[in-house]
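Respectively, the protein sequence lines represent chains Z and A. Under this note's numbering, think of the first position of the first sequence as 18, with each following residue one higher. Under this note's numbering, think of the first position of the second sequence as 2, with each following residue one higher.
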Amino acid sequence: MKHLLSSTSFLILNKYLAKQIGLKAAVLLGDLISKEEYFISNGMTDGWFFNTEANIQEDTTLNSYHQRKAVKVLKGLNFIDVKRKGIPAKQYFKINEEQVLKFLNNLSAKNYTTINNNNSIIINNKYFKKPKLIEVKIYCIERQNNVEFEAFYDFYESKNWMVGKNKMKDWKAAVRNWERRETKKNTTSKLQKQLNTHNKAKEMINKINNK
Amino acid sequence: MIKNISIEELRTHSVDILSKTFLELRQSNVTEQDLVSLSMILADDLQRDFKTLEIKDIQEAFRRGTRETDLFVVKPQTWYKWIKTYRNLLWSAEYEVRTMNRNPKEVPFYKDGQKLIK
Chain Z
18 MKHLLSSTSF
28 LILNKYLAKQ
38 IGLKAAVLLG
48 DLISKEEYFI
58 SNGMTDGWFF
68 NTEANIQEDT
78 TLNSYHQRKA
88 VKVLKGLNFI
98 DVKRKGIPAK
108 QYFKINEEQV
118 LKFLNNLSAK
128 NYTTINNNNS
138 IIINNKYFKK
148 PKLIEVKIYC
158 IERQNNVEFE
168 AFYDFYESKN
178 WMVGKNKMKD
188 WKAAVRNWER
198 RETKKNTTSK
208 LQKQLNTHNK
218 AKEMINKINN
228 K
Chain A
2 MIKNISIEEL
12 RTHSVDILSK
22 TFLELRQSNV
32 TEQDLVSLSM
42 ILADDLQRDF
52 KTLEIKDIQE
62 AFRRGTRETD
72 LFVVKPQTWY
82 KWIKTYRNLL
92 WSAEYEVRTM
102 NRNPKEVPFY
112 KDGQKLIK
């Protein structure tokens with residue numbers, strides 16, 4: 018009776034995660050996280066802990082084939098690292114907590130859909146928050162796009178962050194649009210390119226001649 | 002005449018001629034390194050094989066070549082064809098005047114007082 022009530026008798030599963038990465042991968046991740054907690058409480062420090070296929074099967078009911086598939090998914094998403102070590106070799110896991118949290122944060126920022134009278138209604142929970150100048154600057158530096166971030170900021174600040182008649186929805190997308198426009202502006206015509214090539218070639222020839 | 006022009010000057014002329022040719026052929030994917038290399042080859046070719054011609058003749062040969070032939074890959078083979086075709090015109094004109102005694106004014110491409118033998 019006591020065993021039935023303990024947390025080890027239950028599978029803990031994040032529904033949103035299961036929707037995104039699949040039920041089996043989510044079950045395995047939940048199991049691995051609970052194993053990690055067990056190893057941490059027993060003095061594990063480097064983050065690596067082992068778990069055997071038989072053990073996982075016993076805890077999650079996933080057979081070795083499904084386990085391998087789930088591990089592949091989790092590895093692909095960078096949620097876990099896996100290596101084999103020791104004699105006989107055991108499978109060691111490491112949970113990338115940051116990656117999992119990042120993924121869950123992204124999920125919570127996504128739109129949710131509800132069903133009402135057979136119509137699907139998209140509830141947009143992503144409200145636009147106008148950026149600070151420093152945020153725009155950082156984003157521009159990250160993208161190395163040479164967009165004049167101050168000009169961008171002042172332009173939209175003067176327009177109350179409106180794009181036409183609508184309120185801006187994503188300032189990063191707007192920055193990317195500016196970036197594209199700047200790139201187009203900077204591309205020279207074919208003729209200009211050829212003239213530049215000619216001038217450069219002449220300079221090079223003069224240098225060769227002067228040697 | 003080309004034989005009186007220094008190789009340095011010839012290279013500069015070659016850059017001009019080839020740039021104009023690429024422009025006329027609408028080939029914009031030529032880099033400055035390509036242009037310099039080709040110019041050096043052209044200058045060398047001119048000094049070796051076309052030293053009795055004038056720079057103006059070479060310019061005219063390229064002009065006619067881009068307009069009157071289907072050759073569009075600018076390479077030594079192409080410009081040899083263009084220049085030789087133009088040189089043949091000059092030679093024919095000279096033959097008409099000197100051997101056939103035709104009136105120089107009636108013979109196109111005839112250039113007075115010039116020996117065109119290589």
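Glycine is no exception: its CB is placed at the ideal position from the N, C-alpha and C atoms. Keep in mind that this is a model prediction, so the values were computed, not measured.
*Who are Phe110/Z's beta bridge partners in DSSP?*
Phe66/Z, Val99/Z
_Please return the same chain residues whose Cβ sits closer than 6 Å to the Cβ of Lys107/Z, not counting the five positions on each side in sequence._
Phe67
_Own chain partners of Ala43/Z with C-beta closer than 8 Å, once the 5 adjacent residues on each side are dropped_ = Leu30, Asn31, Leu34, Ala35
_Coil, strand or helix - Met179/Z by DSSP_ = strand
*Among Ile6/A, Ala94/A, Asp35/A, which residue has its Cα nearest to the Cα of Val74/A?*
Checked all of Ile6/A, Ala94/A, Asp35/A; the closest Cα to Val74/A is Asp35/A.
*Any idea what DSSP makes of Lys184/Z, helix, strand or coil?*
strand
*Please specify which runs of the beta strand (DSSP E), each continuous and at least 3 residues long, are wholly inside the stretch 7-91 of chain A, giving them in chain order.*
none
_Let me check understanding here. Comparing Cα to Cα, which of Ile222/Z, Asn227/Z, Val164/Z lies closest to Leu43/A?_
Comparing Cα-Cα distances from Leu43/A to each of Ile222/Z, Asn227/Z, Val164/Z, the minimum goes to Ile222/Z.
*Output the distance between the C-alpha atoms of Val37/A and Lys4/A, rounded to the nearest integer angstrom.*
So the alpha carbons of these two residues sit roughly 21 Å apart.
*Neighbourhood of Thr77/Z by C-beta, 7 Å cutoff - its chain only, sequence neighbours within 5 removed*: Leu28, Val44, Leu45, Asp48
*If you draw a straight line from the C-alpha of Lys189/Z to the C-alpha of Leu121/Z, how long is it?*
21 Å
*Using 8 Å as the Cβ pair cut-off and three pairs as the minimum, do the stretch 7-19 of chain A and the stretch 193-200 of chain Z touch?*
Taking 8 Å as the limit for Cβ pairs, the verdict is that the stretch 193-200 of chain Z does not touch the stretch 7-19 of chain A.
*Check whether the stretch 93-106 of chain Z touches the stretch 51-61 of chain Z, counting contact only when three or more Cβ pairs, one atom from each stretch, lie closer than 8 Å.*
no
*Taking Lys228/Z as the query, report the chain A residues whose CB atoms sit under 8 Å from its CB, ordered along the chain.*
Residues of chain A passing the Cβ test: none, with the nearest at roughly 10 Å.
_Report the CB separation of Glu32/A from Thr214/Z in whole angstroms; it is logged as a contact under 8 Å._
A small fix is needed here, since residue 32/A is Thr in this sequence, not Glu. 7 Å between Cβ atoms; contact.
*In chain order, what residues of the stretch 187-206 of chain Z put their CB closer than 7 Å to some CB of chain A?*
none
*Whose CA, out of Trp83/A, Thr53/A, Leu47/A, lies closest to the CA of Arg64/A?*
Residue nearest to Arg64/A within the set Trp83/A, Thr53/A, Leu47/A is Trp83/A (criterion: CA-CA distance).
_Distance check for Lys202/Z and Leu91/Z, CA to CA, integer angstroms please._
43 Å
_Let's see if you can read the secondary structure: which residues bound the alpha helix (DSSP H) around Thr214/Z?_
207-227
*Give the interface partners of Met221/Z over in chain A, defined as CB-CB distance under 7 Å, in chain order.*
Within chain A, the residues Glu33, Val37 have their CB atoms less than 7 Å from the CB of Met221/Z, given in chain order.
*Pair within 7 Å by beta-carbon distance, Ile97/Z and Glu53/Z*: no
*In the structure shown, what three-state DSSP assignment does Arg160/Z receive?*
For Arg160/Z, the three-state secondary structure derived from DSSP is helix.
_Nonlocal neighbours in the same chain, by C-beta distance under 6 Å from Pro148/Z, ignoring five residues either side_ = Trp188
_Counting C-beta neighbours from all protein chains within 10 Å, is the total for Asn142/Z 16 or more, i.e. buried, or is it exposed?_
A caution first: Asn142/Z carries a pLDDT of 47, below 50, which makes its placement in the model too unreliable to give a value.
*Output the distance between the C-alpha atoms of Asp45/A and Tyr87/A, rounded to the nearest integer angstrom.*
Asp45/A and Tyr87/A have their C-alpha atoms some 19 Å from each other.
*asked:* At the level of alpha carbons, what is the spacing between Tyr144/Z and Gln84/Z?
replied: 39 Å
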